[in-house]
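Below: one structure, written as structure tokens.
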Amino acid sequence: MQDKQQYKPADIERAAQQHWDATHAFRVQADASKPKYYCLSMFPYPSGKLHMGHVRNYTIGDVLSRFHKMKGFNVLQPMGWDAFGLPAENAAIKNKVPPAKWTYDNIAYMKQQLKSLGFAIDWSRELATCTPEYYKWNQWLFLRMLEKGIAERKTQVVNWDPVDQTVLANEQVIDGRGWRTGALVEKREIPGYYLKITDYADELLSDLDELQGWPERVKLMQANWIGKSTGVRFAFKHDIADDGQLISDGKLWVFTTRADTIMGVTFCAVAAEHPLALHAARSNPELAAFIEKCKHGSVMEADMATMEKEGLPTGLFVTHPLTGKQVEVWVGNYVLMSYGDGAVMGVPAHDERDFAFAKKYALPIEQVVALGDKPYSLDAWQEWYGSKDGVCINSGKYDGLGYEAAVDAIAADLAAQGVGEKKVQWRLRDWGISRQRYWGCPIPIIHCDSCGSVPVPDDQLPVVLPEDCVPDGSGNPLNKRDDFLACACPSCGKPARRETDTMDTFVDSSWYYARYATKFGADKMVDDETNYWMTVDQYIGGIEHAILHLLYSRFWTKVMRDVGLVKYSEPFANLLTQGMVLAPTYFVDKEDGSKDWINPSSITEYTSPVTGQTYAWIKDGGLDFSETTLVEGRGNTSKVRISGTNGALNWFEETDKQGKKSLVIVSGNQVQISGMEKMSKSKNNGVDPEALIATYGADTCRFFIIFTAHPEQSLEWSDAGVEGAYRFLRRVWGFGHVLATEIRPQIGAERQLAGAKLPEALAGFRREIHLLLKQANYDLGKQQFNTVASATMKMLNALEKAPRDGALAAEVIEECFGILLRVLSPLTPHISHALWRELGYGDDILQAAWPEPLEAALAQDEIELMLQVNGKLRGAVRVAADAPKDAIEAAALAHEMAAKFMEGKPAKKVVVVPGRLVNIVC
RNA sequence: GCCCGGAUGGUGAAAUCGGUAAACACUGCGGACUUAAAAUCCGCCGCCGCAAGGCUUACGGGUUCAAGUCCCGUUCCGGGCACCA
């Protein structure tokens, strides 16, 4: 027994996991006799090792799964791998290993890590998106979309590295240069496939209202992203012609949501690729050079928005449709050809960006909206200039009209001339899915010299990706694989060439939830089982996926519905957006200008007592910061020396005569500190849970990560405090054995608890446990698991102090410890499993019913109310639990502290908040 | 730049509908046990003050009998911005 009293997580966890494996405890099937609960955590990218962000995500999912299982639901919790993607290619470049091998090795390793955490996963449904049996269906549905006109081919703008002759991801562009070559990146237009998500914009927006289980902020972000706005599309007429042919029928089209300010237009700006810009550039070398310059630089919105706005006049003029005035056309680097018509009207008086542009190039600014009698000044932009609450001025017949009336009147006048109309505009753009990359799902298209782009027939699917390529950074290796490229045209049979672009990996993750809920191998994308399990009852994942992944999945579901595959319109009924786990990032600059990211586990930090700043070094053996000593403090110079046993590090700080503090580094591998960021492969700041599990066990690891913060809150990772979780579980284990050896034996053959009048101390203890249970159940309902963990700790604190002598007390303790074990079991399933069995509560805690508080245990006679005088706490009054308001007021006024702080003034008012407090106002 | 969040003791955090700010832990300090150490157990721990008491939820205003919580403004931190996933 001595040995049994020792908490040994490794043994306990191995035994519990073996039990679950042997009994297929988490393998499930459709079962109409039970309510179903589909609990899905976002599947991981197999980057190599789990990090704490994964542990947090999957522990939250597991808590919900196990809780619902005990509540009687048929629970499905699957797991799989988001296995295509860029990091595998980067690893290939670095290690010369094929992405397939790297990926499958990582999956094997991470699966074993997940298993060691004891998650209640139905592994029979595991999938990896890089397998042909999965991605076949990406290809199949893509072909359906082509048939329905949802997929189409058009041009896309990409980052082009002119040295490597390859397309770069945004992540691979650093300060406008290629990550490996350092070459200036160019924008380049190439053909690619798009999915017309904009056709579903209205539905994607309006269905947000039905997603009551989604956080408001996510719905708000999606609504803003979709960005429905009503405005006016109208044209400026002109007679500019190329070779006698009017350019764009002599109309320069623009879109505006501020038609009320059209009278204030003083210029127009067009994109560098706009026909008018190209026309003007023919006879204007300076403009041609400017257009060339615009082709460099980023395609990212964040860069577009923050870059210096530049422009050049074309010398061309168009006619204002309402005033007939001539308006000059400029080329602006901030206007994108791919948005709308590639041109914008300039109203500098009422648009902040136009205001700055006009000031920079001395263009006229004409105020056409006034707000009250606020003075308009050209000196600086003011917030109200952009307001829609004003009325039109200097606008001829539109003077005095408010925003809506002005828009209506102006739109009507433009429509009458045939040069404008009201139009709904979306911010949402179509989804470009073509990637010029190897490690992804091949797009099932064949290019034939005579027939053009021909879809691969269904019976030739899947188009299988060869798994032995090793990318070297110089473009897609599929272009060098004749065995992949060569094929016959499905249409005419002549030799043809296979498409080498692969799909965006967001395609893979847009429908995996439906595949889990289906029988694999069936020659269908999804089968009828999907209609049983779907929709997902609880989806859990990082807030960083709030827009793209979730929006694409919603879109893909609606397409599957429209193709007749599924009956539901939305994939995820309830969404828990888990806060990210952040860790510090560190890098050293490499000679080629790129950054080498160093994992926090190999970093030592030191905060200088002199400058207050924190510095970081790569750990190299024997560094010991406890040896920090102030060696000199003479005059205004202080020196701090930190010694390391390997002598590699040596620096000192000094304060000079002006009081300026500085750090002088003599030697050592110093690294740059670069802020807290979400744990990721690319910044190499993931913290592997393995060491924690090895030292303390999975239960401690799970308990700690749940305990340490609210699930939705972002978390700066630190394992300080994990000892506390471990101590707690050790005490739970120890108490279980005290219960078995010392407390239980006092229970008689006849049970006495039911209906018994308990002594006050025992009743108080029992009430405390049941109150904590009530709180825990409430918190589980709102998915606040950290306070559930606190509640279990409070329960144990109470149990250890509870009266334990006599049969009645022993029965109460047995009941309360049983409650504790069950509340704990979703958090720490292994220890709960072991104690539940060993203490004879039952065979399997998974089959136990979730506990509910007993009303009889909660009842109490007297309660304590806080006493306030003028809103400040002055004491407490005890009253009967059912005391009426006037009795409470009387008790409050009779309190000595009330008299003291009322200072003889009469009470003007007494506020009684039932069950809480009483406040005397005087 | 735009959109969405967050900020509470030395630290992680809690406070359910506007009603006792700091529960539960970590660290630290003091003590018990021990030949000693580890483990364990007990006590203390927001700031000022001898005390009575006063002050305190990033900063500045406001609403209210009462504000961490609601409103307005600001700062800093994190996420997203369409090819990281």
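Using the working numbering, the first residue of the first sequence is number 594, and each one after it goes up by one.
From the three backbone atoms N, C-alpha and C, an ideal C-beta is built for every residue, glycine too.
Mind checking which residues open and close the alpha helix (DSSP H) that includes PRO878? 878 to 887
May I have the straight-line CA-CA distance separating GLU1270 from SER1146, to the nearest angstrom? 26 Å
Tell me the residue span of the alpha helix (DSSP H) that contains CYS1409. 1400 to 1417
Burial state of ILE1298 (16 or more Cβ within 10 Å): buried
Counted within 10 angstroms of its Cβ, other Cβ atoms place GLY1240 as buried (16 or more) or exposed: Caution is warranted here: a pLDDT of 41 is assigned to GLY1240, below 50, making its placement in the model unreliable, and the coordinate value is therefore given only provisionally. Looking at its Cβ environment, which holds fewer than 16 other Cβ atoms inside 10 Å, GLY1240 is exposed.
Does the beta-carbon distance from ILE1036 to ILE1026 come in below 9 Å? yes
May I ask you to list the residues that DSSP assigns as paired with ILE1456? VAL1472
Quick one: residues in its chain with C-beta nearer than 6 Å to the C-beta of CYS1515, no 5 flanking neighbours on either side, listed in chain order? MET1495, LYS1498, ALA1500, LYS1501
Would ALA713 and ARG659 qualify as a contact pair, given that the criterion is a beta-carbon distance under 9 Å? yes
For PHE860 versus VAL920, is the C-beta distance shorter than 9 Å? yes
Assumed close pair SER1195, ILE1211 - CB separation to whole angstroms, cut-off 8 Å: 6 Å
For PHE860, the three-state DSSP class (helix, strand or coil): strand
Is it right to say SER634 is buried, meaning 16 or more other beta carbons lie within 10 angstroms of its own, or is it exposed? buried
The beta strand (DSSP E) spanning GLN1339 covers which residue range? Element bounds for GLN1339: n/a, residue is neither H nor E.
Segment limits, alpha helix (DSSP H) that includes CYS1085: CYS1085 -> no alpha helix (DSSP H), and no H or E assigned at all.
ILE1003 versus SER980 - alpha carbon distance: 18 Å
For MET938, which three-state DSSP category applies? strand
Count the C-beta pairs between the stretch 1010 to 1028 and the stretch 813 to 830 that are closer than 8 Å, then say yes if the count reaches three, no if not. yes
I need the DSSP call for VAL1280, collapsed to helix, strand or coil. coil
Within its chain, find whatever has a CB closer than 8 Å to the CB of VAL1405; leave out the 5 residues flanking it on each side and keep chain order. LEU1346, LEU1351, LEU1355, PHE1358, ARG1359, ALA1395
Where does LEU1242 land, buried or exposed, given buried means 16+ other C-beta within 10 angstroms? In this prediction, LEU1242 has a pLDDT of 48, which is less than 50 and means its spatial position is unreliable; what the coordinates show is noted afterwards. Looking at its Cβ environment, which holds 16 or more other Cβ atoms inside 10 Å, LEU1242 is buried.
Taking all protein chains shown into account, decide if GLU809 is buried (16 or more other Cβ within 10 angstroms of its Cβ) or exposed. exposed
As assigned by DSSP and simplified to three states, the class of VAL756: coil
Figure out for me which residue from ALA1492, PRO755, GLU1445, LYS1493 has the closest Cα to the Cα of GLY1068. PRO755
Would you mind working out which of ASP795, ILE1136, HIS1330, THR854 sits nearest ASN987, comparing C-alpha positions? THR854
On a Cα-Cα basis, can you pick out the residue from PRO725, THR1098, THR899 that is closest to PRO1055? PRO725
Assuming GLN815 is part of the alpha helix (DSSP H), what are its boundary residues? 809 to 819
Where the beta strand (DSSP E) through LYS1274 begins and ends: No beta strand (DSSP E) contains LYS1274, which DSSP labels as neither H nor E.
Can you tell me whether DSSP reads PRO968 as helix, strand or coil? coil
Expected contact under 8 Å - CB spacing of SER709 and ILE1286 to nearest Å: 6 Å
What residues are listed by DSSP as bridge partners for GLU1163? None, per the DSSP bridge assignment.
How long is the line joining the alpha carbons of ALA1079 and VAL1156, rounded to whole angstroms? 31 Å
Out of ARG1090, GLY1066, CYS1082, which one is the CA nearest neighbour of ARG1074? ARG1090
Within its chain, find whatever has a CB closer than 6 Å to the CB of VAL1416; leave out the 5 residues flanking it on each side and keep chain order. ALA1369, THR1385
So within the stretch 750 to 801, which uninterrupted alpha helix (DSSP H) runs reach at least 4 residues, ignoring any that extend past its ends? 794 to 799
Simplified DSSP state of LEU1322, which is helix, strand or coil: helix
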